[in-house]
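Below: the structure, in structure tokens.
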Amino acid sequence: LLGLLTLMVLGLFRNIGTRLTMRMGPEKGQLLLPIIGGFLIGLLGVAFPLTFGDGSLQLKFLISSKDSFGRDYMIATCFAKMLTLGISLGFGFIGGQIFPCMFIGVAAGVVATQVSNVPIIVTVPCFMVAVPGAFCPCPFTFAGIAATVLVLGSEQCALVFTSVFFSFMTACGTGVLQRLVKRGAERQAIMDKAHEEKKRAKREALEAKLTQLKRENTLLRRLSSEAGLGANLTVGDMQRILNNR
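Using this note's numbering, read the sequence shown as starting at 387 and increasing by one per residue.
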């Protein structure tokens, strides 16, 4: 569920970024969107400092200092990390979503330990791979990362693989993810088509205006030649000739 929610947040902010870019224009959008995104990420970072970066540097500190954070703060950090990730990818920043999703999973695992008293060696690895595994078909890779980074035994590895496998099957096996991706692709195609039509109409209008100016220039030169005024012909003279014609 956290993986699907993260994916929905990513799609939401990507649509927002695309709409703002179309409204402001490509040039202004490329300049202003990162500024707006950086401002929003900065505000969230002041309230939730753990959300800065991709989360890879905070994982060790988050696990080792799990008792230093309250349950409500960790839940809010999870959702704040979703927002920062969505803003980053939707407003022009460059980066991936794997490690941020792992951070969300680790934070959720810490919350699960605080709520249920299940050992953290069980909750954190399972949540860490289950969140990105909901939409990324790499169960063996995620299980290997968790086993290597956290130095897990065979029993913990079995739980980790089961978690990432069922997470992916729940998200993709039901067809929810495919429908979301298809709907997003169709909406993006419609927006791209509208944007291209707008650009084509603007280009055609400019070409028509340029063609008209060329015709008027050619006519004025012809009239000036017929009048015998040559290079001394001024704009006022051209206008009077046109009015006489």
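The beta-carbon is built from N, C-alpha and C at its ideal position, and this holds for glycine as well.
Could you compute how far the alpha carbon of residue i sits from the alpha carbon of residue j?
{"i": "N603", "j": "E590", "result": "20 Å"}
{"i": "L430", "j": "L393", "result": "19 Å"}
{"i": "V546", "j": "A494", "result": "15 Å"}
{"i": "F551", "j": "F485", "result": "18 Å"}
{"i": "S549", "j": "Q542", "result": "11 Å"}
{"i": "L538", "j": "K452", "result": "19 Å"}
{"i": "G423", "j": "L396", "result": "13 Å"}
{"i": "S502", "j": "A433", "result": "27 Å"}
Would you call residue i buried or exposed, if buried means 16 or more other Cβ atoms sit within 10 Å of its Cβ?
{"i": "F425", "result": "exposed"}
{"i": "S553", "result": "buried"}
{"i": "L592", "result": "exposed"}
{"i": "L387", "result": "exposed"}
{"i": "K414", "result": "exposed"}
{"i": "F526", "result": "exposed"}
Using the three-state DSSP reduction, which class does residue i fall into: helix, strand or coil?
{"i": "N503", "result": "coil"}
{"i": "I402", "result": "helix"}
{"i": "I358", "result": "In the structure as shown, the chain begins at 387 and stops at 631. Residue 358 is therefore absent and cannot be evaluated."}
{"i": "A591", "result": "helix"}
{"i": "C524", "result": "coil"}
{"i": "F551", "result": "helix"}
At a Cβ threshold of 8 Å, is residue i touching chain B?
{"i": "S549", "result": "The structure shown contains no chain B; it holds only a single protein chain."}
- [ ] Kindly confirm or deny that the stretch 434 to 447 and the stretch 405 to 425 touch, where touching means at least three C-beta pairs closer than 8 Å.
- [x] no
Task: Ordered list of alpha helix (DSSP H) runs contained in the stretch 399 to 456, each at least 4 residues - done: 412 to 433, 444 to 450
Open item on the list: Check whether the stretch 462 to 469 and the stretch 504 to 515 are in contact - that is, three or more C-beta pairs closer than 8 Å.
Closed with: no
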